[in-house]
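Numbering (this note's numbering), first residue to last: 41 to 147. Where is the CB? At the ideal position from N, CA and C, for every residue including glycine. The structure presented is a predicted model; accordingly, all values stated were derived computationally and were not measured.
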Ligand SMILES: [Zn+2]
């Protein structure tokens with residue numbers, strides 16, 4: 041399934057969601073958050089299900105940045121991945137709960 045709206049609002053900031061094949065600024069990463077440019081880039085050379093996990097991971101990074109007063113308060117990469125994989129699985133395995141949480145959304 042293709043993502044038609046390639047924007048995400050995170051704490052009042054409109055992020056551009058960029059899907060790119062082997063973007064040079066990603067290096068070996070699967071995705072990247074550029075907070076200053078309000079951009080999230082996802083590497084499309086990985087499987088689509090993995091792209092969704094990476095998107096959630098980058099969204100969590102963005103939320104972490106805006107809710108941390110100092111760099112030292114931010115989640116580590118490992119902490120962010122642990123939350124990402126578990127939250128992704130919870131949402132994926134409980135669509136009834138997602139519908140209840142977001143009743144106005146078309147799922
Ligand atoms: Zn990360």
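Bridge partner(s) assigned by DSSP for residue i
i	result
residue 97	Answer by DSSP bridge pairing: none, since residue 97 is not bridged.
Continuous alpha helix (DSSP H) stretch holding residue i: start and end
i	result
residue 113	Per DSSP, residue 113 belongs to no alpha helix (DSSP H) and is neither H nor E.
residue 141	135–141
Cβ-based burial, residue i [other Cβ within 10 Å; buried from 16]
i	result
residue 102	buried
residue 51	exposed
residue 81	buried
residue 49	exposed
residue 72	buried
residue 53	exposed
residue 113	exposed
residue 83	buried
residue 126	exposed
Limits of the unbroken beta strand (DSSP E) element including residue i
i	result
residue 70	Where residue 70 is concerned, there is no enclosing beta strand (DSSP E), given that its DSSP letter is neither H nor E.
residue 75	No beta strand (DSSP E) holds residue 75; DSSP gives it neither H nor E.
residue 56	53–60
Distance CB(residue i)-CB(residue j) smaller than 7 Å
i	j	result
residue 70	residue 86	yes
residue 124	residue 141	no
residue 56	residue 79	yes
residue 93	residue 128	yes
| Below 6 Å from a heavy atom of ligand 1 - residues by beta-carbon | 97, 101, 117, 120
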